[in-house]
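**Q** Here it is, the structure, as structure tokens.
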Amino acid sequence: MSNLNVHTKSFILFTYTNNFIYKHLSFIIFSINTMEWINFNQTQKTKYFSSRLNKGLCSSLKIERPDDFKDFMELFKNHPEYSTKLTNVVDLCIVVNKKNHKYFEINLIKSDKTVDDISYRICISLKHKNKDLYEALRYSIYEQIKEFKNKSRLICVKCKSLENIHIDHVNTFKSLTDNFLRNRKDIPSSFDNTYYNSSMFKTEDKKINDEWFDYHKENAVLRCLCRNCNLTRKKK
Ligand SMILES: [Zn+2]
Numbered sequence: 000m001s002n003l004n005v006h007t008k009s010f011i012l013f014t015y016t017n018n019f020i021y022k023h024l025s026f027i028i029f030s031i032n033t034m035e036w037i038n039f040n041q042t043q044k045t046k047y048f049s050s051r052l053n054k055g056l057c058s059s060l061k062i063e064r065p066d067d068f069k070d071f072m073e074l075f076k077n078h079p080e081y082s083t084k085l086t087n088v089v090d091l092c093i094v095v096n097k098k099n100h101k102y103f104e105i106n107l108i109k110s111d112k113t114v115d116d117i118s119y120r121i122c123i124s125l126k127h128k129n130k131d132l133y134e135a136l137r138y139s140i141y142e143q144i145k146e147f148k149n150k151s152r153l154i155c156v157k158c159k160s161l162e163n164i165h166i167d168h169v170n171t172f173k174s175l176t177d178n179f180l181r182n183r184k185d186i187p188s189s190f191d192n193t194y195y196n197s198s199m200f201k202t203e204d205k206k207i208n209d210e211w212f213d214y215h216k217e218n219a220v221l222r223c224l225c226r227n228c229n230l231t232r233k234k235k
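According to my numbering, the sequence shown is numbered sequentially starting from 0.
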């Protein structure tokens, strides 16, 4: 009888300890799910997201790893081309890195089932000086990029690859915006949100929006580049 008591006691203790661990573990998991990583520094963020990526292959993050899905989608809001790149994204998948098979990469799945790659590291490392302004500038000329893409043969002008074709500015986007913005006194400091939660010019800033649209139309030289050629070009 006393033996049983000892067993019962240790069982209760065991259950109690388990509950304790469970509660605390779920607290840790819960706090991470509330996007605590947003306050991490760059190194911590990189570690956090690379560990999520390296959990392995996944055909639907949204279904199989919904918390990771939420985290990555939140992180991608920091992508320099968020407004165009994340359009119509419905899910994410993790595949083997095409260049180095030892690594994984994360891909965007669009509503038309096409897949596009994205660098999560860019979303962590980029300094966001004037992030909203540049998003708004990108958003204004998005139609021009789309039009160019629609009428172009999607083949890389450098290496003739047909994969991951991006529309690239020959004279860089940065030099175009620098030239356009130089000495302007009417650069807004607040913006509206697009449907995809990036920034766009407010209606009252129609003047700068339209002038930028025309300036870009006149001065931008566009071309098709594959992702690898695009990444290896100098961003200056
Ligand atoms: Zn190429």
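Heads up, the beta-carbon is just placed ideally off N, CA and C, and yes, glycines get one too. Keep in mind it's a predicted model, so treat the numbers as computed, not measured.
For residue 138, count neighbouring C-beta atoms within 10 Å of its own C-beta (all shown protein chains included) and say buried if the count is 16 or more, exposed if not.
**A** buried
**Q** Go through the residues and name those whose CB comes closer than 5 Å to any heavy atom of ligand 1, in chain order.
**A** 155, 157, 158, 160, 225, 228
**Q** For the beta strand (DSSP E) containing residue 106, name the first residue and the last one.
**A** 103-109
**Q** Considering residue 215, what are the terminal residues of the alpha helix (DSSP H) in which it resides?
**A** 205-218
**Q** Which value, in whole angstroms, describes the spacing of the CA atoms of residue 131 and residue 228?
**A** Residue 131 and residue 228: Cα-Cα distance of roughly 27 Å.
**Q** Exposed or buried, which one is residue 34 when buried takes at least 16 other CB atoms within 10 Å?
**A** exposed
**Q** Please state whether DSSP places residue 49 in a helix, a strand or coil.
**A** Of the three classes helix, strand and coil, the one that applies to residue 49 here is helix, per DSSP.
**Q** Could you give the DSSP three-state label for residue 153: helix, strand or coil?
**A** Residue 153: coil per DSSP, three-state reduction.
**Q** Express the C-alpha separation of residue 106 and residue 116 in angstroms, rounding to a whole number.
**A** 4 Å
**Q** By how many angstroms is the C-alpha of residue 182 removed from the C-alpha of residue 92?
**A** 44 Å
**Q** According to DSSP, which residues form a beta bridge with residue 168?
**A** 221
**Q** Would you call residue 44 buried or exposed, if buried means 16 or more other Cβ atoms sit within 10 Å of its Cβ?
**A** buried
**Q** Closer than 8 Å by C-beta to residue 186: which residues in its own chain qualify, once you throw out the five before and the five after it? Chain order, please.
**A** 132, 180, 207
**Q** Suppose you measure from the CA of residue 199 to the CA of residue 140; what does that come to, to the nearest Å?
**A** 11 Å
**Q** Determine the closest residue to residue 47 out of 55, 57, 36, 56, with distance taken between C-alpha atoms.
**A** 36
**Q** Write down every uninterrupted run of the beta strand (DSSP E) in the stretch 69-107 whose length is 3 residues or greater and which is fully enclosed by it, in chain order.
**A** 88-95
**Q** Helix, strand or coil for residue 158 per DSSP?
**A** coil
**Q** Please report the distance separating the alpha-carbon of residue 90 from that of residue 97.
**A** 20 Å
**Q** Starting from residue 57, follow its DSSP beta bridges and name the residues at the other end.
**A** 93
**Q** Rounded to whole angstroms, what's the CA-CA distance from residue 155 to residue 78? Just pull it up for me.
**A** 23 Å
**Q** So is residue 67 buried or exposed if we call it buried at 16+ other beta carbons inside 10 Å?
**A** Result: buried.
**Q** Pick from 188, 142, 53, 143: whose alpha carbon is nearest that of residue 94?
**A** 53
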